[in-house]
Amino acid sequence: MNHASWISVTCTINGAPYDFTLSPATPLSDLLRAQGLLSVKQGCCVGECGACTVLIDGTAIDSCLYLAAWIDGKEIRTLEGESVGGELSVVQAAYAKSGAVQCGFCTPGLVMATKALLAKPHVKPFTVQEIRRGLAGNLCRCTGYQMVVDTVLGLEQEQERND
Numbered sequence: 000m001n002h003a004s005w006i007s008v009t010c011t012i013n014g015a016p017y018d019f020t021l022s023p024a025t026p027l028s029d030l031l032r033a034q035g036l037l038s039v040k041q042g043c044c045v046g047e048c049g050a051c052t053v054l055i056d057g058t059a060i061d062s063c064l065y066l067a068a069w070i071d072g073k074e075i076r077t078l079e080g081e082s083v084g085g086e087l088s089v090v091q092a093a094y095a096k097s098g099a100v101q102c103g104f105c106t107p108g109l110v111m112a113t114k115a116l117l118a119k120p121h122v123k124p125f126t127v128q129e130i131r132r133g134l135a136g137n138l139c140r141c142t143g144y145q146m147v148v149d150t151v152l153g154l155e156q157e158q159e160r161n162d
């Protein structure tokens with residue numbers, strides 16, 4: 000594709016403004032990794048594993064399937080944007096504390112999907128089935144998922160105590 004057909008987009012990534020000129024066929028995952036945001040993993044590249052999950056305007060999205068051309072005016076959040084001042088976010092800290100991470104490849108996607116799940120309006124508390132359904136797009140070969148589900152349940156209980 001020649002550069003004459005490239006487009007310009009403006010977005011916010013982890014709170015910082017960005018302007019890009021890019022091919023309309025560029026996957027968002029490629030663009031984010033080119034910016035050094037390596038928590039966005041390249042797992043399956045077909046939207047099956049969830050390792051590339053980011054939040055776009057608060058919604059968990061497989062960035063390997065989302066074209067960078069679509070980010071104009073959007074807010075993108077990756078795992079790198081979750082910690083503030085070197086401190087882990089509540090979700091990151093919960094995953095680390097619970098031992099729900101093992102090899103770590105799927106962890107960034109799971110953390111982002113969990114953040115999106117907990118932000119959704121819902122009848123509290125989530126059932127185990129609702130959590131499993133909410134994180135179904137994120138595959139993990141190491142944990143067996145029970146520690147992940149337990150972590151989400153614990154996060155929700157903590158949210159209720161703080162509300």
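Under numbering that gives the first Met the number 0, the very last position in the sequence shown is 162; numbers go up by exactly one each time.
C-beta atoms are modelled at their ideal positions from N, C-alpha and C, and glycine is treated no differently.
- The alpha carbon of E155 has as its nearest neighbour, out of S4, M146 and L116, the alpha carbon of L116.
- I70 has no beta-bridge partner at all, per DSSP.
- About 6 Å separates the Cβ atoms of I70 and V8, confirming a contact at the 8 Å cut-off.
- The Cβ atoms of V53 and M111 lie closer than 7 Å to each other.
- Contact between C51 and Q101 is absent: CB atoms are separated by about 19 Å, not below the 8 Å threshold.
- Spatial neighbours of P124 in its own chain (CB-CB distance under 8 Å, excluding positions within 5 residues in sequence) are listed in chain order as L152, E155, Q156 and E159.
- DSSP, reduced to helix, strand and coil, places V100 outside both helices and strands of the structure shown, so it counts as coil.
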